[in-house]
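Protein chains in written order, with our numbering: chain A, 1 to 329; chain B, 330 to 658. Cβ coordinates follow ideal geometry from the N, Cα and C atoms, glycine included.
There are 2 protein chains.
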Amino acid sequence: MAHTFDVAGLGNAIVDVLAPVSEQFLLDHSIAKGAMTLVDEHRATTLHAALGETVEVAGGSAANTMAGFASLGGKGVYLGKVKQDRLGEAFRASMKDTGVHYTTGMAKDGPSTALCVIAVTPDEQRSMSTYLGAAREFSEADVNADEIAASAILYIEGYMWDAPSAKAACIKAMDVAHKAGTKVAFTMSDPFLIGRYGDEFRAMMPKLDIVFANEEEAKALFEVDAFDDILQKARGWNGIAALTRSEKGCVIASKGEVHVIDAWPGVRVRDTTGAGDQFAAGFLYGLTHDMGYARSGRLAGLCAAEVISHYGARPEVNLRKLAADNALI
Amino acid sequence: MAHTFDVAGLGNAIVDVLAPVSEQFLLDHSIAKGAMTLVDEHRATTLHAALGETVEVAGGSAANTMAGFASLGGKGVYLGKVKQDRLGEAFRASMKDTGVHYTTGMAKDGPSTALCVIAVTPDEQRSMSTYLGAAREFSEADVNADEIAASAILYIEGYMWDAPSAKAACIKAMDVAHKAGTKVAFTMSDPFLIGRYGDEFRAMMPKLDIVFANEEEAKALFEVDAFDDILQKARGWNGIAALTRSEKGCVIASKGEVHVIDAWPGVRVRDTTGAGDQFAAGFLYGLTHDMGYARSGRLAGLCAAEVISHYGARPEVNLRKLAADNALI
């Protein structure tokens with residue numbers, strides 16, 4: 001069946017605000033250097049104001065993936081919650097620029113649009129303070145069943161599990177997908193998340209068609225210590241496991257098929273932020289364009305390689321051209 | 330069926346003669362530093378004499394494997410040709426010390442026992458000059474059918490293909506193995522060897538049960554460029570492929586099974602000589618002791634890790650104890 005969209009991405013809608021700062025700024029504001037810390041609204045706005053002039057870009061894991069997916073030429077739709085405030089408008093405008101369809105209604109009241117304050121020190125380290133705000137309020141009412149049913153794959157970020165409303169909405173979205181014959185893809189997002197929701201994620205596995213996990217996440221998910229044990233567990237499951245291994249590349253396992261794909265060669269790593277997001281973009285593009293697991297995995301590796309070669313979680317080049325230059329599209 | 334031997338190893342019987350030398354020695358004797366050069370008997374004996382006092386140890390790829398196999402507690406028999414001369418006696422005595430059964434008759438005349446002159450400079454680099462001598466003369470008459478039939482696995486090193494007599498003997502040994510129900514394992518030994526005999530090796534694949542190849546060898550064998558393509562080719566073949574990847578560990582592929590096993594962690598590499606030989610020792614031990622592919626691959630990795638942590642191609646510790654200490658035996 002032809003779908004209006006290849007992928008519907010569902011996640012925390014976050015605006016990244018970046019600014020260069022001095023080392024002293026981190027000390028003055030007690031920011032843990034190089035870390036990602038969840039903060040409340042007061043602290044986020046205080047930090048934001050203190051930064052002075054900032055660059056604002058739409059962020060969030062699944063939103064980053066959809067931006068990469070669109071850059072590859074894929075047809076995407078995004079679902080995620082912002083408030084009708086300045087940052088919410090900025091997020092919406094930024095998503096529109098990427099070419100991703102985005103219709104989730106803006107909250108009129110309640111918490112402000114989520115923001116991630118990124119203080120960049122002269123040594124190019126990124127220290128992040130994240131306020132989830134309105135993103136946490138994504139609810140069942142925001143699940144656009146038509147958009148999901150019109151998509152070949154529904155892609156959900158695990159981060160949504162940290163907010164009860166967003167989690168309930170994800171479960172509803174999966175139900176909609178199953179009824180419509182839309183495949184469900186899920187990214188484990190973070191090993192600590194699996195520490196909190198591992199039992200739920202494991203119980204959910206039979207309902208998932210595609211799972212993305214890096215090695216630490218997969219170890220936590222399957223409760224094993226060695227990569228080969230991950231692989232055997234993944235093969236015992238009935239879906240497509242895309243297991244990412246940083247400089248070791250990735251392994252794609254799906255029932256009878258196993259592909260061991262090396263990392264894209266010759267990459268000078270600058271900032272690994274967004275590697276998993278762009279890997280997912282490439283892999284989902286391959287899957288929805290009948291490229292087979294091996295070529296999809298290579299394309300995913302190329303997209304990840306692009307994003308880690310510079311600062312920031314979204315591609316800086318047209319990924320479709322990059323993929324074409326490397327004979328992958 | 331219970332076998333008298335777990336593995337019969339067949340290869341070039343070579344004595345390694347090592348001595349510390351100065352940098353000037355390499356210059357005086359025009360030895361290419363760090364390389365392995367095939368030389369004639371005159372040059373080998375000249376170099377040997379010039380070295381003064383040497384340490385002599387039995388070497389050769391399959392012989393190294395059998396030494397490691399015995400160190401693990403496996404029951405092994407070795408087939409390989411030496412001449413009845415001083416080095417031939419030394420090889421025989423050294424093999425006896427390892428506990429490997431060894432009955433191949435010594436040549437009474439013809440070329441001298443093979444030797445590999447290893448000049449070790451103060452920077453611990455090893456420069457090798459190899460004279461194959463009597464090892465090349467291994468012939469069909471030396472194929473002890475009883476020993477092969479009494480073994481669970483016949484293990485052959487690809488290096489034998491460089492000598493017509495030894496190659497013919499290997500083909501006879503494989504026939505004996507097939508008739509007796511002995512499995513046949515083969516190590517590709519060297520990518521350059523596949524450059525010379527690739528067509529023969531490829532034609533021989535249906536007769537092999539187990540193949541050892543490092544990544545470069547496997548690329549040459551299957552005529553592909555990417556590791557995943559090697560893996561898919563190996564899975565299309567009907568045997569057990571043990572694919573070694575240096576610091577990336579190994580992949581074991583056998584029909585429906587695929588295992589991706591990381592390199593043994595925390596190893597400080599001193600000298601990679603013999604890594605493949607000891608990997609084979611560990612893997613063959615696992616296979617002949619019903620350890621399954623995953624545990625066999627881990628044991629193989631441990632044996633390889635031991636040998637690369639010091640100079641020399643044979644283990645310096647009791648491998649059985651080492652494996653027990655790591656809960657692998």
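Worksheet item: Per DSSP, what kind of secondary structure is A:M36 in: helix, strand or coil?
Response: strand
Fill in: Closest residue to B:A514 among B:T394, B:E385, B:I658 (Cα-Cα distance)
B:T394
Item to complete: Could you say which of A:K207, A:T103, A:L328 lies nearest to A:D175 if we only look at CA atoms?
Response: A:K207
Fill in: Per DSSP, cross-strand counterpart(s) of A:S129
A:T37, A:V117
Worksheet entry | Sequence-distant residues of the same chain with beta carbon closer than 6 Å to B:L522, five excluded per side | G487
Discussion item. Using beta carbons (cut-off 7 Å, strictly below), is B:F556 in contact with chain A?
Written reply: yes
Worksheet entry | Near-chain B residues of the stretch 184-213 of chain A (beta-carbon distance less than 8 Å), N- to C-terminal order | none
Worksheet item: So is B:V589 in contact with chain A if we call contact Cβ pairs under 7 Å?
Response: yes
Practice prompt. Could you tell me the distance, in whole angstroms, from the CA atom of B:N647 to the CA atom of B:H618?
Written response: 18 Å
Fill in: Under 7 Å between C-beta atoms of A:D277 and A:A152
no
Discussion item. Tell me whether the stretch 565-584 of chain B and the stretch 540-554 of chain B touch, counting them as touching only if at least three CB pairs, one residue from each stretch, are closer than 8 Å.
Written reply: yes
Worksheet item: Is the CB-CB distance between A:S236 and A:A263 below 7 Å?
Response: Ser is not the amino acid found at residue 236 of chain A; the sequence shown has Gly there. Cβ distance not < 7 Å, so A:G236 and A:A263 don't count as in contact.
Worksheet item: Exposed or buried, B:H371, counting other C-beta atoms within 10 Å across all chains shown (16 or more means buried)?
Response: exposed
Item to complete: Report the neighbours of B:L560 on chain A: residues whose CB is nearer than 8 Å to its CB, in chain order.
Response: V258, H259, V260
Discussion item. Any beta carbon from chain B within less than 7 Å of A:V251's own beta carbon?
Written reply: yes
Discussion item. My output table needs one value for B:V589: the three-state DSSP class, helix, strand or coil.
Written reply: strand
Worksheet item: For A:L38, is the classification buried or exposed, using 16 other Cβ atoms within 10 angstroms of its Cβ as the cut-off for buried?
Response: exposed
Discussion item. For the stretch 605-625 of chain B, list every residue whose C-beta sits within 8 Å of some C-beta in chain A, in sequence order.
Written reply: A623
Worksheet item: Assuming A:E147 and A:V77 make a contact with CB atoms under 8 Å, what is their CB distance in whole Å?
Response: 5 Å
Practice prompt. Please check the pair B:A364 and B:S456, which I expect to be a contact at CB under 8 Å, by giving their CB distance rounded to whole angstroms.
Written response: 6 Å
Worksheet item: DSSP beta-bridge partners for B:A539?
Response: One detail in the question is off: residue 539 of chain B reads as Ile in this sequence, not Ala. B:I539 pairs with B:A514, B:I569.
Worksheet item: In three-state terms, what does DSSP make of B:P493?
Response: helix
Fill in: Entirely enclosed alpha helix (DSSP H) segments - the stretch 585-641 of chain B, minimum 4 residues
604-617, 621-637
Worksheet item: What's the gap between the Cα of B:G434 and the Cα of B:A387?
Response: 16 Å
Discussion item. Could you check if A:Y311 belongs to the surroundings of the ligand FAD, using beta carbon to heavy atom distance under 6 Å?
Written reply: This structure lacks the ligand FAD, and indeed carries no ligand of any kind.
Item to complete: Name, going along the chain, the residues of the stretch 172-183 of chain A whose beta-carbon falls closer than 8 Å to a beta-carbon of chain B.
Response: none
Fill in: Neighbour list for A:K248 in chain B, Cβ cutoff strictly below 7 Å
K577
Worksheet item: For A:V123, does the three-state DSSP call read helix, strand or coil?
Response: It should be noted that the sequence gives Asp, not Val, for residue 123 of chain A. A:D123 falls in the coil class under three-state DSSP.
Worksheet entry | B:L651 to B:G397 span [Cα, whole Å] | 12 Å
Worksheet item: Is there contact between the stretch 128-138 of chain A and the stretch 73-88 of chain A, where contact requires at least three CB pairs shorter than 8 Å?
Response: yes
Worksheet item: How big is the Cα-Cα spacing for A:M188 and B:R624?
Response: 28 Å
Worksheet item: Based on the DSSP output, what are the partners of B:L339 in its beta bridges?
Response: B:L408, B:I485
Discussion item. Is it buried or exposed, B:R421, if we count other Cβ atoms within 10 angstroms and call 16 or more buried?
Written reply: buried
Discussion item. Is the beta carbon of A:L87 closer than 7 Å to that of A:V15?
Written reply: yes
Practice prompt. For the alpha helix (DSSP H) holding B:S390, just list the boundary residues, first then last.
Written response: 390-400
Practice prompt. Using alpha carbons as the reference points, say which of A:L328, A:A13, A:G256, A:G249 lies closest to A:V267.
Written response: A:G249
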